[in-house]
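Structure first, commentary second.
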Amino acid sequence: MKKLLCLILSIAAALPLAACASGGAASSAAAPAADSANADVKKYAVILKTKNTDLWSKMYTGIEAEGKAKGWQVDLYTAKSDDDTEGQLAILESCLTKDYAGIAIAPCSAVNMITGVKEANGKGITIVNIDEEFDPKQMESQGATCSAYIATDNKAVGKKGAEFLCSQIDPNSQVGVIEGKSGNVSSEDRAGGAKEAFKAKGMKIVGDQCADWDMQKALDTAATWIQQYPDIKAIYCCNDTMAMGAMQAIINANKVGKIKICGTDGDTDAIKSVSENKLTATIAQDSAAIGSISLDKLVDAVENPSKYKASCEPEKTPINSVLITAENAAQYLK
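Take the sequence shown: its letters are residues -21 to -1, 1 to 313, numbered as in mature numbering (1 follows the signal peptide of the UniProt record, and there is no 0).
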């Protein structure tokens, strides 16, 4: 009896370790049925950049909830960080050995997953692109394709943020733009939209700097601009982490309210700052919707491939963004 009890306890203790062994922070959105009933059930995988920010955590949750609601077998994976390009590719390469019918990918960069996408194409695995767009030229040169692309219209996001800032400051004011990583398509699109809007309103762009999505680098950038351009009136930031860094520089300079800051993503900390009249605004992406719609598209592309034209630059499904200001921040903190 003691031997039997010890055996049961040993098996129970091993189960959590087995769950962790899949790597890449994987979890299943729906419990698999018994093997005999599960033989013909299609499996899906979703690979995200990270879960370390509100945006990506909400997207993860949106995918998980959609998979459970629809009864689909979905495994979710995340890289260690949003710049873990090699680790993310390793996750994809591992997924290619696990009999997934389709894989949705939010790549860490525009190019880091393309070799894996090409390999997936060769295995007949459907690929859907989320958020950061696969570089179309690199996709074409490597002969890789995907069936759908789901993302926020990032150029419109940047334009919306800058236009709101313009409405809060005097004409011909000095402004700045803090970008994410150099070469990142999402960052470049947001910054491009913001700069177009600033120029259209006659603002003077005195600073345009990449801060690698990093709070401290954004703080340092904003602090430098405040010293170099004491009359600067507004800064658009391509994510909320950098906006919070820029906001701290303004607090340190005792210029709260005198310099307007708009962030991007709608992170909880940023919305709270907006509600406290520190940050001027944030442009919220509906990341849960991006996640759920991406999963819907992936499953539909697998089940109805004739509806989708796989290509190096597939048709985009745009997701709307929301301007959050002091007037409506409270409703997004509930």
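Even glycine gets a Cβ: it sits at the ideal position worked out from N, Cα and C.
Per DSSP, residue 266 has no beta bridge partner at all.
In the DSSP assignment, residue 55 falls within the unbroken beta strand (DSSP E) covering 52 to 57.
As a beta-bridge residue in DSSP terms, residue 23 pairs with 53 and 81. DSSP places residue 94 inside the alpha helix (DSSP H), whose first and last residues are 93 to 101. Cα atoms of residue 182 and residue 282: separation of roughly 50 Å, rounded to the nearest angstrom.
Cβ contact annotation for residue 79 (same chain, cutoff 7 Å, sequence separation greater than five): 22, 23, 24 and 104, in chain order. Residue nearest to residue 211 within the set 38, 26, 150 and 100 is 150 (criterion: CA-CA distance). Segment contact: the region 108 to 124 against the region 137 to 155, fewer than three CB-CB distances shorter than 8 Å; contact not assigned. By DSSP's assignment, residue 155 forms a beta bridge with 186 and 214.
In this structure, the beta-carbon distance from residue 222 to residue 241 falls below 9 Å. In the DSSP assignment, residue 253 falls within the unbroken alpha helix (DSSP H) covering 247 to 254. With respect to residue 88, residue 196 sits apart: the two C-beta atoms are not nearer than 9 Å.
Minimum Cα-Cα distance from residue 58 among the listed residues 208, 44, 125 and 71 corresponds to 71.
In the structure shown, the three-state DSSP call for residue 164 is helix. Counting C-beta pairs with one atom in each stretch, the region 92 to 100 and the region 35 to 49 have fewer than three that are closer than 8 Å, which means they do not touch. Taking 9 Å as the cut-off, the beta carbon of residue 174 is found closer than this to the beta carbon of residue 187.
If you draw a 10 Å sphere on the C-beta of residue 230, you find fewer than 16 other C-beta atoms in it, and that means exposed.
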